[in-house]
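Numbering (the numbering used here), first residue to last: 76 to 181.
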């Protein structure tokens, strides 16, 4: 009986990773609004990318709510967003990428 329970829990954990995704990134002037599915993820890190090079913007983000908001002092050129998130406390963090072109704001 306990093996069945462990198997069911493992299946639920694996399916929660599979369904994890960034659904949208919206830029409003110097503010980014990032939405995910599911909506209750745990954010560890936020980064903008340009040609495979990542810039950490975590210190400019409000990580405790969905959608996550990041307000930057200036917006550099970028071609993507990468977030390090966990779907729950029992599964370690994973990186999610979202193709997105920034509008440069000084």
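Glycine residues also receive a C-beta, built at the ideal position from the N, C-alpha and C atoms.
- The C-alpha of residue 160 is placed about 21 Å away from the C-alpha of residue 176.
- From the listed residues 117, 116, 135, 173, the smallest Cα separation to residue 155 is found for 173.
- Of the residues assessed, residue 164 falls on the exposed side of the cut-off, its CB having fewer than 16 other CB atoms within 10 angstroms.
- The Cβ atoms of residue 141 and residue 114 sit closer than 8 Å to each other.
- Contact annotation: residue 105 and residue 147 have beta-carbon atoms nearer than 8 Å.
- When secondary structure is reduced to three states using DSSP, residue 133 falls in the helix class.
- In the structure shown, residue 78 adopts helical secondary structure according to DSSP, grouped into three states.
- Sequence-distant partners of residue 120 (beyond 5 residues in either direction) whose C-beta falls short of 6 Å from its own C-beta, in its chain, are 133, 159.
- Residue 179 counts as exposed, since fewer than 16 other C-beta atoms from the protein chains shown sit within 10 angstroms of its C-beta.
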